[in-house]
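For reference, the structure is listed below as structure tokens.
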Amino acid sequence: MARVPLTEQDRRRRQVVVLGVAVAVLVVLTAGLLVRATTATGERERAEAARDAALSRALMAESASLAVTDPRTARLLAVAAARIVPPSPWTRAAVRAAAARPELAVLRGFPSDVDAVTFSPDGAYVAASGRDDLLRVWDARSLAPVTWPIPGDDGASGTALAYRPDGRELAVADTWGRVHFFDTATRARRIGGETRKSSRSWAAYRPDGTLLATTRTRLEESRLWDTAAAAPVAALRTLEGTPGPVAFSPDGTLLAVAYFGGPVRLFDAASGLLTGDPLRPAASEAADGAADGAADGAADGAADGAAGGAAGGAADGAADEAAALAFSPDGRLLAASTGGAQAQLWDVATRRPAARPLTGHAGPVTAVAFSPDGAILATASGDRTVRLWDAATGAPLGDPLTGHIGAVTAVAFSPDGATLASASADATVRLWRLPRARARLLTLPGPVPADRPVSGPGARAVLSADGTRLVVQPYDATRPGPGRLWSWNTGSVRSWDAPGKPLPGGRLAIRKDTPVDALALSRDGRTLAASGLDDPAHGRDVTIRGGPAGAPPVTGRPLAFSPDGRLLATAVSGSEARVWTLDGSAPGRTLAGEGEPVVAAFSADGALLAVGTPASPVLVWDVATGRRRAELTGHTGVVTALAFAPSAPPTLVSGGADRTARVWDVGTGRGLLLAGHAGPVDAVAFTPDGTVLATGGADRTVRLWDAPTGRPLGPPLAGHRGAVAALAFAPDGRALLAAATDRADVHGDSYALWRWDTAALAADPVTTACAQAARTLTPAEWSARVPGRPYRRDLCP
């Protein structure tokens, strides 16, 4: 059959069809390639994200493991863990936890024991002296070593050092009996004294800088040096034995000398004559301590060598050289130890013990130091620990500071009291971050009132959420005036300028004849609601101070105000709570629960109300509808405290008599358990941004937590002399106020207000951690610890 020739039109039509088919095939192929490429890219990105997440977790784990041995690197690794992955609550918590730890830095470089450490008076430098190394100095901010040219000194070791109070001179006593006087500006040196070898020396400047007192072993005298002439001018001798540490009183009139295994003697600094009777340690302390130190040292020395054993054990032959001495900044107290495992606080005026011996160390006390404000005493020991004490009462403050692997030989506070330095036989100097607080006793005007605040069952202290007002409800029907409350304005910054003075307050007459049984404060502290035990048939009438004009009558036991102050929740009959509208714009609403309401809290927007009861779950209500939104079950005892986070989604913290706190996601009902308190948790509070929360209670401590993860932040804040009854953060989050019962009752009152510095928690965690580390990771460190990721020059801002 003959082929019919194609017309030009047919050929063009065929070309179009073929071209269309080719284009379609090309599109399909291209789409397939794009899908494969996109899939491959997605898989690669997911693999990289998984690798980075695993590396971040490994860095966080390594950070935690290095927290004690290398705290600066530990902080930087936590920052690196946060940098290599998208922001998350867990990485933020890791950085915040690293920054909150007490360990700040380990300063190395000494070949052997470090015997002395101090800060320059301006806090700019840390200086230390030790065996086979006369002097080392570091910049206190950058922690970098400071070059200090020192010519050879015949193998002399530095065993004591002291800055002149004006900071212009640094004196170092060596093992040859000489004193090296360094001009801190030019670093020129003068040397005084004869060459006569000893194993240990001590030195202290008189506050006016004109005299330096020194003692040294193998020479049973103390010496006074004319600092201008760099020469000894007097020798102070007694029959007490070998002198050890020396200290001038702050006014320069007295010189105290501790004698090993013996007493402490006081000399008149002007005449060099003894004054008063010897101050002797508690009975059997010296003998028992020395025996214990020697026994412990002998046992540990075989296993640990020079780095082990107590300071003073047989391992390093220092059992007969353990002693400590320091005056308080106001000169009223003298802390001392002369060879035992205890330290003693003495009243300088009466020459009598000011408190019971400070016990807790397992080895000889080798050094003592007061904080600049005199509130804290630090003690060092051969048991390798440093302990902190309330200088007014002798009560221990928290757990010991651990990390040294040899006897701790010296301690010193920075001038601002924020840092503690410790020296050790392990050839290191450690720096510790200390929580800072100021405490004010609360008093009423006039003489000690018969109706003073009292602590105990029924008593309650309430802080406004912004921390500007504290109201105390002292329930004790056996005292006059049971219908009164006591109120203090805590919002004035000036009230912290004189921590030694009590903070005055005023009485509020609420009920004429019947005790006040409950109270609540508005967020700004301007409105107070209080109830009394009236005729049960008529309910409890609520007295409202500072509320809106024309507020309707309110009954029940006040529980909580809404954040805007418009609503008040009260506990009414049985298991019911009631929400009142104080401006009268809407009727109240009754919420039927499952037990008598004990505590309550409104959410930040006032839309939710949480109610705690003695035994049932924490119930959360929708205020507008009265609908029950959640039942939060977990506490095994009475719910004693509640607070909502200020941010969404709604997060609630509860404290309980079961010694725990719990952080609840109200939407899901899931909770995080916060354990650690040794008593009921009676107070809870969130920072203004909701990322950190504080808990306090009957164990007299406050604990800080990362709110999203429940991770503890640093050691407990200790020092309160009674139960912590109320907590509130300042509006900027830089301070935490804690109201605590004060068992001392020095002024006839029983409450004190503590203001803890939380500025580091309010700041960006990365910025804080980097500032504490005072450096960044080097490229070599990054390559070793963060393999496969490009070096981050911006690791620390």
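Each residue of the sequence shown is one higher than the last, beginning at 365 in the working numbering. Backbone N, C-alpha and C define an ideal beta-carbon position, used for all residues, glycine too.
Listed in chain order, the beta strand (DSSP E) runs fully inside the segment 592–649 are 595–600, 607–612, 618–623, 628–632, 638–643, counting runs of at least 3 residues. Pairing W985 with A994, the inter-Cα distance amounts to about 7 Å. Under the 8 Å Cβ criterion, the segment 1031–1043 counts as touching the segment 1065–1080, having at least three qualifying pairs.
In the DSSP assignment, P922 falls within the beta strand (DSSP E) that extends over 921–925.
For A771 against G738, the beta-carbon gap comes to about 27 Å, at or over 8 Å, which does not count as contact. Setting aside the 5 residues that flank it on each side, S420 is surrounded in the same chain by A445, I448, V449, each with a C-beta closer than 6 Å to its C-beta; the list follows chain order. Residue range 1024–1029 is occupied by the beta strand (DSSP E) that includes R1026.
If you compare the alpha carbons of A1058, R930, R1075, T832 with that of G889, the shortest gap goes to T832. Of all alpha-carbon atoms in A480, A733, A707, T714, the one lying nearest the alpha-carbon of P721 is that of A707. Looking at the DSSP output, R802 sits in a beta bridge with R1119. Distance between G1020 and R564, taken at the CA atoms: about 54 Å. Boundaries of the beta strand (DSSP E) around S1018: 1015–1020.
A direct Cα-Cα distance of roughly 9 Å separates S484 from P529.
When DSSP reads this structure, T954 sits in a beta bridge with R942.
Between the alpha carbons of D1106 and R1085 lies a distance of about 5 Å.
Each of V1030, G605, A1099 was checked against the Cα of L973, and the nearest Cα belongs to V1030. Here A787 has V478, V481, A492, T773, A774, V793 as same chain residues with Cβ atoms under 6 Å from its own Cβ, once five neighbours each way along the sequence are excluded.
Looking at the DSSP output, S484 bridges to nothing. Secondary structure of D547 (DSSP, three-state): strand. With contacts defined as CB atoms closer than 8 Å, D1070 and A567 fail to qualify as a contacting pair. Sorting T578, D503, T1004, Q1136 by C-alpha distance to the C-alpha of V597 places T578 at the top.
Annotated as distal: A882 and A924, with beta-carbon spacing of 8 Å or more. Per DSSP, the unbroken beta strand (DSSP E) holding L689 starts and ends at 688–691. In this model, I740 and W540 are separated by some 35 Å (Cα to Cα). Excluding residues up to 5 positions away in sequence, L765, W796, R797, L798, G1078, P1079 lie with their Cβ nearer than 8 Å to the Cβ of P466 in the same chain. Nearest neighbour of A1138 by Cα position, chosen from W502, R410, M424, G1060, turns out to be W502. Your pair A1049 and A1007 checks out as a contact, with CB atoms roughly 6 Å apart and the cut at 8 Å. The C-beta distance from L499 to I514 rounds to 6 Å, short enough to meet the 8 Å contact threshold.
Annotated three-state conformation of E584 is strand, per DSSP.
Rounded to whole angstroms, the gap between the alpha carbons of D928 and L534 is 59 Å. Residue state for W985 is assigned as strand, using DSSP reduced to three classes. A direct Cα-to-Cα measurement between P978 and V1003 gives close to 6 Å. Contact between G616 and A633 holds: CB atoms are separated by about 6 Å, below the 8 Å threshold. Short of 7 Å from the beta carbon of G910, and not among the five residues preceding or following it, lie these beta carbons of its own chain, in chain order: R890, T891, L892. D486 is a Cβ neighbour of P779, given a cutoff of 8 Å. The beta-carbon distance between R802 and R1119, rounded to whole angstroms, is 5 Å. This is short enough to meet the 8 Å contact definition.
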